[in-house]
Amino acid sequence: MKSSQPDARLLRSFQVMASQLPVPSFIPAVHYRFSEYLEFDLNYSAIHAGLYLAYYFILEPFAALLYTPQLVLSLLTATAYSRNPDHITNAMALHAFSWVAQFLGHGVAERTGPSPHRQSSWRYAVVLAPFFVHLEILFALGYRPEMHKELNNNIGKEITRIRKAQGDKRRAAAAKEN
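In structure tokens form, the structure reads like this:
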């Protein structure tokens, strides 16, 4: 199982950075302070979390229900942390470091080469990565083994398709040179 740390850091650092962005006037000012470390504001981070959760509930409702407390806790702590004067600097540094760790993890440590999400759609990768890591943990705990098997099979097929396309491209380039 892959480490979820870069994905979690990317999501949290984004939430911290987006928490203090000014929202349009049609969004009501909603603020609730649970404690010094847990705050809710209706802001871009909250909207982002709500949209992610809605999408995850469409994909896999029970797994999304299990993921909800984690995402809500991340949102509440990120919103509270965004009150610190150095929140942007820290969040940007963490965000940059996490992207580097993400690429190194996929490209070097796993030796998988170009990841399918880097070649097809960044949007899907960024939206689905946190939930996919959550699903990997659930699968390791025995959640829906038939879904896990099907997902691994589909991932294997996609990796094979991408590697074949890369090989075809290299062979075509080599033939062109000769």
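Quick note on the working numbering: the sequence shown kicks off at 115 and runs consecutively.
Idealized CB from N, CA, C, for every residue including glycine.
Length of the line joining the Cα atoms of L249 and L179: Taking the straight line joining both Cα atoms gives about 12 Å.
How long is the line joining the alpha carbons of A160 and L152, rounded to whole angstroms? Straight across, the Cα-Cα distance linking A160 with L152 is about 13 Å.
If you follow the alpha helix (DSSP H) that Y146 is part of, which residue opens it and which one closes it? Where Y146 is concerned, there is no enclosing alpha helix (DSSP H), although the beta strand (DSSP E) it sits in stretches over 145-149.
Pairwise C-alpha distance: N292 and N268: So the alpha carbons of these two residues sit roughly 36 Å apart.
On the DSSP bridge assignment, give the partners of L185 in chain order. DSSP output for L185 lists no bridge partner at all.
Measuring straight from C-alpha to C-alpha, what distance separates G164 and E174? Taking the straight line from one Cα to the other gives about 15 Å.
Extent of the continuous alpha helix (DSSP H) to which L265 belongs: Bounds of the alpha helix (DSSP H) holding L265 are 259-291.
Should S196 and V137 be called a contact, given that it needs their Cβ atoms to be closer than 7 Å? In this structure, V137 does not lie closer than 7 Å to S196 by Cβ.
Output needed for M240: all residues of its chain with C-beta closer than 6 Å, excluding positions within five of it in sequence on either side, in chain order. Per the sequence shown, the amino acid found at residue 240 is Val instead of Met. No residues qualify anywhere along the chain.
Buried or exposed for A205, please, with buried defined as at least 16 other CB atoms from any protein chain shown within 10 angstroms of its CB. Counting the other CB atoms within 10 Å of its CB gives A205 a total of 16 or more, which places it among the buried residues.
First and last residue of the uninterrupted alpha helix (DSSP H) at T165: In the sequence as presented, Thr is not what sits at residue 165; that position holds Leu. 158-173 is the span of the alpha helix (DSSP H), which, as asked, contains L165.
Between the CA atoms of L124 and F245 - distance to the nearest angstrom: C-alpha separation (whole angstroms): 13 Å.
So, are the CB atoms of S133 and A192 less than 7 Å apart? A contact, by the Cβ cut-off of 7 Å.
Per-residue burial, K283 [other beta carbons within 10 Å of its own, 16 or more giving buried]: The residue is exposed, with fewer than 16 neighbouring Cβ atoms inside 10 Å.
How is L255 classed by DSSP in three states: helix, strand or coil? Correct three-state label for L255: coil.
Could you please give the first and the last residue of the uninterrupted beta strand (DSSP E) stretch that includes D155? Unbroken beta strand (DSSP E) run through D155: 152-155.
Among residues of its own chain, excluding the 5 on either side of E150, which ones have a beta-carbon nearer than 6 Å to its beta-carbon? Within the same chain, no Cβ atom closer than 6 Å to the Cβ of E150 is found once the five residues on either side in sequence are excluded.
Taking L185 and F148 to be in contact with their CB atoms under 8 Å, please state how far apart those CB atoms are, rounded to whole angstroms. By a beta-carbon distance limit of 8 Å, L185 does not contact F148. Their separation comes to about 16 Å.
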